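*Asks:* Handing you a structure now.
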Amino acid sequence: MKIIDLTHTISPGMPVYPGTEPPRLEEASTYEKDGFRETLLTMYSHTGTHMDAPAHIFPELTTLDQFSGAQFVGKGLVIDCTDLGEGGRIGMEYLHKAGAPVEEAEFLLFRTGWDAKWGQPEYFGDYPCITEEVAAYLTDSGKKGIGLDTIGLDPVADTDLKLHHQVLATDRFVIIENLTHLEQLGEGLFLFCALPLKYRDADGAPVRAMGILWD
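Heads up, the final residue of the sequence shown is numbered 215 in UniProt numbering, and it's a clean run with no missing numbers.
Next up, the structure:
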């Protein structure tokens, strides 16, 4: 068994969505003073590698803490879109190219290679995004969620968040953003786990995302 960590490390000064404050990690207790170490974490719920709940967009829909744990674990498949450049759109042809495993997968993770820009201003640029047709397929086919190696499902300039509205309106779907290391997962199915921090009325939460491969 091989476990691939798909998660960016939370740290001060890390990339955050434009307009969001970066996280703060403050020393709260020390070995010298208290005999143990403890850190005060202050951050937004959509910091780093994180998950969006339906309640992120729709106040009457499900929060992450209301989902069962089964929502966050399932068969994953990486869709290779690395041939796309800035402003590219990921259409159904990419799913067709991936073949039969697309139907069996519960999470589709779109690899654009954009995570290579993590920590650079370009990360907030015109990254590739899925089309509305792909979004409709994801929800109509009963997938549990979508994963991305970019900062958002929608283009960063789309303040209306049209794709977020489209997929989260089903109330049985989650979005995982800011994934990394998708290139290590190969072309076949694997077990995908993205476990969010469980807090009350969670509109979103950081996750520790993992891909599990069997020999």
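Quick reminder that beta carbons are idealized off the backbone N, C-alpha and C, glycines included. Computed from a prediction, not measured in an experiment: that's the story for all the values here.
Output the residue ranges of the beta strand (DSSP E) runs that lie fully inside the region 169 to 213 and measure 3 residues or longer, sorted by chain position.
*Replies:* Complete beta strand (DSSP E) runs here, min 3: 174 to 177, 190 to 196, 204 to 213.
*Asks:* Can you list, in chain order, the residues of its chain whose CB lies under 7 Å from that of residue 266, leaving out five sequence neighbours each side?
*Replies:* Look at the range of the chain in this structure, 1 to 215, and you will see that residue 266 is not part of it.
*Asks:* In this structure, does DSSP put Ala28 in helix, strand or coil?
*Replies:* One-based indexing of the sequence shown puts residue 28 at position 28. Reduced to three states, the DSSP call for Ala28 is strand.
*Asks:* Are the region 83 to 90 and the region 203 to 213 in contact at 8 Å, needing three or more beta carbon pairs?
*Replies:* No: the two stretches stay apart, fewer than three of their Cβ pairs being nearer than 8 Å.
*Asks:* Could you spell out the range, first to last residue, of the beta strand (DSSP E) harbouring Leu108?
*Replies:* Translated into positions along the sequence shown, residue 108 becomes position 108. First-last of the beta strand (DSSP E) with Leu108: 107 to 111.
*Asks:* With 16 other CB atoms within 10 Å as the buried threshold, where does Asp201 fall?
*Replies:* Position 201 of the sequence shown, counted from the first residue, corresponds to residue 201. Exposed, since its Cβ has fewer than 16 Cβ neighbours within 10 Å.
*Asks:* Short check: CB of Ser11 to CB of Gly204, under 7 Å?
*Replies:* Your numbering for residue 11 matches position 11 in the sequence shown. Your numbering for residue 204 matches position 204 in the sequence shown. For Ser11 and Gly204, no; Cβs fall outside 7 Å.
*Asks:* Measuring CA to CA, which of Val167, Pro22, Gly69 is closest to Leu41?
*Replies:* Walking along the sequence shown from the start, residue 41 turns up at place 41. The shortest C-alpha separation from Leu41 is found at Pro22.
*Asks:* Please list the terminal residues of the continuous beta strand (DSSP E) segment that includes Thr39.
*Replies:* Counting from 1 along the sequence shown, the entry for residue 39 is found at position 39. First-last of the beta strand (DSSP E) with Thr39: 38 to 42.
*Asks:* Take Met14 as the anchor and find which of Gln71, Ser68, Gly119 has the nearest alpha-carbon.
*Replies:* Your numbering for residue 14 matches position 14 in the sequence shown. Considering only alpha carbons, the answer is Gly119.
*Asks:* Quick check for students: name the residue ranges of the beta strand (DSSP E) that lie wholly in the region 70 to 147, counting only runs of 3 or more.
*Replies:* List check, beta strand (DSSP E) in window: 73 to 80, 107 to 111.
*Asks:* When you compare only the Cα positions, how much space is there between Thr39 and Lys33?
*Replies:* By one-based count along the sequence shown, residue 39 stands at place 39. By one-based count along the sequence shown, residue 33 stands at place 33. The alpha-carbon atoms of Thr39 and Lys33 are separated by roughly 14 Å.
*Asks:* On the DSSP bridge list, what partners appear for Lys2?
*Replies:* By 1-based counting over the sequence shown, the position of residue 2 is 2. For Lys2, which the question treats as bridged, DSSP gives the partners Leu213.
*Asks:* Counting only the same chain and skipping the five closest in sequence on each side, list residues whose C-beta sits under 7 Å from that of Thr63.
*Replies:* Here residue 63 refers to the residue found at position 63 when the sequence shown is read from its first residue. Only Ala53, Ala55, Asp201, Ala202, Asp203 meet the Cβ criterion.
*Asks:* According to DSSP, is His165 helix, strand or coil?
*Replies:* For the purposes of this step, residue 165 is taken as residue 165 along the sequence shown, with counting starting at 1. His165: helix per DSSP, three-state reduction.
*Asks:* Mind checking whether Gly142 and Leu109 have CB atoms under 7 Å apart?
*Replies:* Residue 142 sits at position 142 when you count from the first residue of the sequence shown. Residue 109 sits at position 109 when you count from the first residue of the sequence shown. No, Cβ-Cβ distance for Gly142 and Leu109 is not below 7 Å.
*Asks:* Using CA coordinates, which residue listed in Pro59, Asp126, Asp115 is at the minimum distance from Ala157?
*Replies:* Along the sequence shown, read from residue 1 onward, the residue named residue 157 stands at position 157. Checked all of Pro59, Asp126, Asp115; the closest Cα to Ala157 is Asp126.
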